Amino acid sequence: MNNYENFDSMETNFRKSALIQERVNLVSSHMYKQFLDYSHATVNTNKIFAVMSDNLGEIVETLKDGFSSRGVTTQNIYIETDIQKSVTVVNILWQKMSFTTRCNFQPQALYREVGPHLFSGRIIAIKGNYNDIMNGVSSHEEEMERLLANEIASLYVPAEINQNAVMKIKHLSGREFLLNTVDAPREFPLKVVETVCGGGLYHVEGSIKSFNL
């Protein structure tokens, strides 16, 4: 191989290396932006969840007062929050519901049919006791399957604190409700409690199980 061939080979390798570096840098920049959005959204989500849990405590105490004044025992009306402050379980007489942030294990965005997608954290409200539902779960995938199977509603919390959070109620076919981050910790749990406790159960006949008032 002569010197010209050596030079051509070196130039080709240099171009390949430069191309690889350029494209990998684009990937790393993209993933770094996602990581930042994920970090900010996680912080905002945890802050909202903490305030929301306090509001749930107030909702439960108000319900206890209301039932007590009507002569109804309140021993089955209570709230429990785990040590990690990532799951809150609410029991209201025969109704159980749970709220959790344990679905934010990687950067994720809310798909929008109109407009750009929204990188966000998520608070999921489910029907039932989270701990009972998750018994035996061994992976994030299985956890998400059970969460979605029992989902009542979700609150999507953006990375930017000045953006609106998005509430979606499962039985309303994906309709979006925009909530500012001040109102969201109050409005989301109230809507879930209204949705669960404002309905009722039919006697089981075939596939008919419940109704909403």
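Residue numbers for the sequence shown, in the working numbering: 1474 to 1686.
C-beta atoms are modelled at their ideal positions from N, C-alpha and C, and glycine is treated no differently.
Only a predicted model underlies this, so the values are computations on that prediction, with no experimental measurement involved.
Any idea which residues DSSP pairs residue i with across the strands?
i       : result
Gln1568 : Ile1565
For residue i versus residue j, is the C-beta spacing smaller than 8 Å?
i       : j       : result
Lys1569 : Asn1602 : yes
Thr1561 : Ser1526 : yes
Asn1637 : Lys1600 : no
Lys1643 : Ala1657 : no
Val1524 : Ile1550 : no
Ala1514 : Phe1572 : no
Ile1596 : Thr1518 : yes
Leu1695 : Phe1661 : Residue 1695 is absent from the structure shown; the chain starts at 1474 and stops at 1686.
Leu1674 : Val1639 : no
Pro1580 : Asp1510 : yes
Lys1703 : Thr1547 : This structure cannot settle anything about residue 1703, because the visible part of the chain is limited to 1474 through 1686.
Ile1556 : Gly1530 : no
Ile1565 : Cys1670 : yes
Ile1521 : Val1630 : yes
Asn1608 : Gly1594 : no
So, with DSSP's three-state summary, where would you put residue i?
i       : result
Val1516 : helix
Lys1558 : coil
Phe1650 : strand
Ser1526 : helix
Val1655 : coil
Arg1585 : coil
Val1497 : helix
Ser1593 : strand
Thr1573 : strand
Ile1552 : strand
Ile1688 : Outside the displayed span of the chain (1474 to 1686) sits residue 1688, for which this structure offers no information.
Gly1544 : coil
Leu1610 : The sequence shown places Val at residue 1610, rather than the Leu named in the question. It is coil, neither helix nor strand.
Phe1578 : coil
Ile1521 : helix
Ile1532 : helix
Since residue i is in the alpha helix (DSSP H), which residue starts that stretch and which ends it?
i       : result
Leu1674 : Per DSSP, Leu1674 belongs to no alpha helix (DSSP H); it is in the beta strand (DSSP E), 1672 to 1678.
Tyr1603 : 1603 to 1606
Over the uninterrupted beta strand (DSSP E) stretch that includes residue i, give me the two end residues.
i       : result
Glu1624 : 1624 to 1631
Lys1641 : 1638 to 1642
Can you find a CB in chain C that lies within less than 8 Å of the CB of residue i?
i       : result
Ala1638 : Among the chains in the structure shown there is no chain C, since it carries only a single protein chain.
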